[in-house]
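Below you'll find the structure, written out as structure tokens, and then a few comments.
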Amino acid sequence: MVEDQIQQLQAAALARIEEARDRDALEQVRVDVLGRKGSLAQFDLGKLPSEERKIAGKALNAAKQVLASAFETKDQTFAAEALNSRLKQEWLDLTLPAPGPRPGSLHPVTIIQNEIEDLFTSLGFAVLDGPEVETEYHNFDALNIPPEHPARDMQDTFWLSNGHLLRTHTSPVQVRGMERLGPPLRMIAPGRVFRNEEVDASHEHTFYQLEGMMVDRKVSVAHLIYFMKTLLSAIFHREAVVRLRPGYFPFVEPGFELDIGCLICAGVGCPVCKQSGWVELLPCGLVHPNVLRMSGIDPDEWGGFAFGLGLTRLAMMRYGIDDIRLFASGDLRFLRQF
Ligand code: DAH
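To convert, take the position in the sequence shown, counting from 1, and add 4; that gives this note's numbering.
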């Protein structure tokens, strides 16, 4: 009997559906059973006598419906499983604390520059800016360093093809300050300077200085020393060990080298202090009469002191940084420490 065959096929198909392990397997069963050449397509009902054909037709339709719904149910099971496993994989713990925002921080040189600016503005000094591309006049001549003066060789200069140069120090801003503001004058000028130098742990072609100048009536070495001590104790939050040596700079007379005991090695000797235990930190002096005169200030009426602080070197001392090349390295591991 055809119905019996259909029943058997249906039962076999249901068993295979039940056994199918994944969607591909299930699809294979569907093709085998319901496909155009599938097992249910083999019945040629047209050849049956009409009574039997009716019964067989009903059985066939019933079997198709049963199987279709069995396929559907199984398919939904697979879909649910797939969804579950995806949810498991993609599950997010929304109660985990978020990795907080990572704020930037100031560059160590900027930190020190800001502190010194605060200190000096509180003492009545103006903070001036000057060009990094300077004229020969402002960088040298107006500072009492005429052409052929041996002091020009003290600083290896990056000359530009138009005769200008990258300033080798912040001292030209003194000149611009005197020209623009006249006496009495209290100013500092932080900024980048450039030297055509061999780079090593303590030398860079680009670094930061801070120039300071005070012009007034009756300015003496005592004033200079007072301001330098105030400056250093503010920076190091303690009395720094210093020594004053005579120093030669064409734009000051007398000129001094103020050295500070190396804070990296505590005077024992290290690469930063070149094993000497001392670091040249603060060249300074009383402004040379020629310098005042060239900027239109009468040296008989006015005097002044000036100093040039190595901001980069100061940052090395303050933070115990033993390689100047780190400052412009852009290395975040370095920068994030400040
Ligand atoms: N401009 C000098 C330099 O870069 C530093 C300096 C020395 C500045 C003595 C001064 C000073 O104002 O009085 O080497």
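Heads up, the beta-carbon is just placed ideally off N, CA and C, and yes, glycines get one too.
Can you tell me whether Phe-211 is helix, strand or coil according to DSSP? strand
Cutting at 6 Å between CB atoms, please list the residues of its own chain near Leu-236, excluding the five before and the five after it. Ala-244
Residues that DSSP places opposite Leu-290 in a beta bridge: Phe-309
Rounded separation between His-292 and Ala-146 - CA only: 11 Å
To the nearest angstrom, how far is it from the Cα of Asp-2 to the Cα of Gly-289? Within the shown structure, residues of the chain are numbered from 5 to 342, placing residue 2 beyond reach of any answer.
How about Ile-268 and Gly-324: do their beta carbons lie closer than 8 Å? yes
Between the beta-carbon of Met-321 and the beta-carbon of Ile-264, is there less than 8 Å? yes
Do Phe-47 and Leu-71 come within 8 Å of each other at the CB atom, strictly closer than that value? no
Give a yes or no on whether the C-beta atoms belonging to Leu-315 and Pro-188 are separated by under 8 Å. no
Can you find the residues in the same chain that come closer than 6 Å, C-beta to C-beta, to Leu-49, ignoring five residues on each side of it along the sequence? Cβ contact annotation for Leu-49 (same chain, cutoff 6 Å, sequence separation greater than five): Arg-57, Ala-60 and Gly-61, in chain order.
Run the proximity test for Val-295: is its beta-carbon closer than 7 Å to any non-hydrogen atom belonging to the ligand DAH? no
Helix, strand or coil at Pro-176 [DSSP, three-state]: helix
Which residues does DSSP pair with Val-70 in a beta bridge? Val-70 pairs with nothing; no bridge assigned.
Would you kindly work out how many angstroms separate the C-alpha atoms of Gly-251 and Leu-336, rounded to a whole number? Cα atoms of Gly-251 and Leu-336: separation of roughly 38 Å, rounded to the nearest angstrom.
Report whether the distance from the Cβ of Ala-310 to the nearest heavy atom of the ligand DAH is below 7 Å. Checking every heavy atom of the ligand DAH against the Cβ of Ala-310, one is found closer than 7 Å.
Is His-209 near the ligand DAH - that is, is its Cβ less than 7 Å away from at least one heavy atom of it? no
Does the ligand DAH have even one heavy atom less than 7 Å from the beta-carbon of Phe-253? yes
For Glu-201, which three-state DSSP category applies? coil
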